[in-house]
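Visitor: Quick one: structure below, then a few questions.
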Ligand code: BT5
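Residue numbers (this note's numbering): 32 to 309.
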């Protein structure tokens, strides 16, 4: 149950009863305010917390994106949550987890609000070309048991999801007001966050906790169907370089496969994608 001093914004017992899930949320911790649900859950995972442990916060004071970027997580308007996965995936295929989580979130949001959402490689969900959700999967590897000097294996993944639910345009800071959106802005009316959360948790539970290794190829196919950049000319920006090519496919480890001007296909595991402007 929740470690807290204030009354929690959601009642964990009531939430769990609504979830009615097999794995996700069987252990649930709810905070009014926390630095980052990913940071908190990584500490629990390190101490052996089980797969499906779920942490929710009404507000994050140090919500994080990739590469130390910050994720705005004000109180009362969003869903900021993290959960533990301990899937039997190889280290190579674990790279596809952000895409697998994205597709479940995007399809759930579409079902809830009746509008289409698109996936942006590797970990964003957009609506009307604006970001509505970001996903941060942090992976811990450990030496394979019994193998001296042997290979590593996946220990756990902490998957964090941030969804803008009820923000209005003026709630976003001016520097990325044009680049962010919320469910309420897309649908034209506010949403009950608890309903969105319950549906999302049920969909994640079904898709990611039973047979994930077998489900992965199908999840990747569904992801491809949501990615408008696939098959188009894109620019991939990395810290030191910019590469242009055709976004040919995603590999089974979630890597972006680019067809370069000389016809070569090359795989990339990080970077920011944008369409080449004609
Ligand atoms: C992400 O990183 O998009 C991953 C965000 C993951 C947030 C969740 S919330 C629960 C859990 N706990 C955490 O601490 N994190 C996870 P990235 O692709 O690096 O994008 C970060 C960029 O998104 C920022 O640099 C901003 O430009 C933009 N951004 C920040 N907050 C946003 C928001 N609320 N809505 C839309 N865009 C935002």
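The C-beta atom is built at its ideal place from N, Cα and C for all residues, glycine as well.
1) Give me the Cα-Cα distance between residue 309 and residue 263, rounded to the nearest whole angstrom.
2) CB-CB under 7 Å to residue 165, same chain, minus the five flanking residues each way: which ones, in chain order?
3) Bridge partners for residue 174 per DSSP, in chain order?
4) Are three or more beta carbon pairs between the region 65 to 81 and the region 113 to 131 nearer than 8 Å?
5) Report all residues from its chain with a CB closer than 8 Å to the CB of residue 296; omit the five preceding and five following residues, and keep chain order.
6) Report the rounded CA-to-CA distance for residue 60 versus residue 274, giving the unit in angstroms.
7) Are there 16 or more other CB atoms within 10 angstroms of the CB of residue 300, so buried, or fewer, so exposed?
8) If you draw a straight line from the C-alpha of residue 253 to the C-alpha of residue 134, how long is it?
9) Can the beta-carbon of residue 222 be found less than 7 Å from the beta-carbon of residue 189?
10) To test your reading of the DSSP string, which unbroken beta strand (DSSP E) runs of 3 or more residues are found completely within the region 128 to 167?
11) Quick check on the DSSP output: the beta strand (DSSP E) that includes residue 114 runs from which residue to which?
12) With respect to 6 Å, is the separation between the Cβ of residue 302 and the closest non-hydrogen atom of ligand 1 below this value?
Guide: In short, the structure shows the following:
1) As a first step, residue 309 must be located in the chain shown, where it is residue number 278. As a first step, residue 263 must be located in the chain shown, where it is residue number 232. Roughly 11 Å between the two C-alpha positions.
2) If you number the chain shown from 1, residue 165 lands on position 134. Closer than 7 Å at the Cβ level, and outside the excluded window around residue 165, lie 96, 102, 154, 155 and 193.
3) One-based indexing of the chain shown puts residue 174 at position 143. In the DSSP output, where bridge partners are listed per residue, residue 174 has 183.
4) Under the 8 Å Cβ criterion, the region 65 to 81 counts as touching the region 113 to 131, having at least three qualifying pairs.
5) Translated into the one-based positions of the chain shown, residue 296 becomes position 265. Apart from sequence neighbours up to five positions away, the residues of its chain that approach residue 296 with a beta-carbon distance below 8 Å are 279, 288, 289 and 290, ordered along the chain.
6) In the chain shown, residue 60 corresponds to position 29, counting from 1. In the chain shown, residue 274 corresponds to position 243, counting from 1. So the alpha carbons of these two residues sit roughly 42 Å apart.
7) Counted from its first residue, the chain shown places residue 300 at position 269. So residue 300 counts as exposed.
8) Stepping through the chain shown from its first residue, residue 253 is reached at position 222. Stepping through the chain shown from its first residue, residue 134 is reached at position 103. Going from the Cα of residue 253 to the Cα of residue 134 covers about 7 Å.
9) Within the chain shown, the letter at position 191 stands for residue 222. Within the chain shown, the letter at position 158 stands for residue 189. Taking 7 Å as the Cβ cut-off, residue 222 and residue 189 do not qualify as a contacting pair.
10) Entirely contained in the region 128 to 167, the beta strand (DSSP E) runs reaching 3 residues are, in chain order, 149 to 151 and 155 to 158.
11) On the chain shown, residue 114 is found 83 positions in, with the first residue counted as 1. Residue 114 -> beta strand (DSSP E) spans 109 to 116.
12) As a first step, residue 302 must be located in the chain shown, where it is residue number 271. Set against 6 Å, the gap from the CB of residue 302 to the closest heavy atom of ligand 1 is not smaller.
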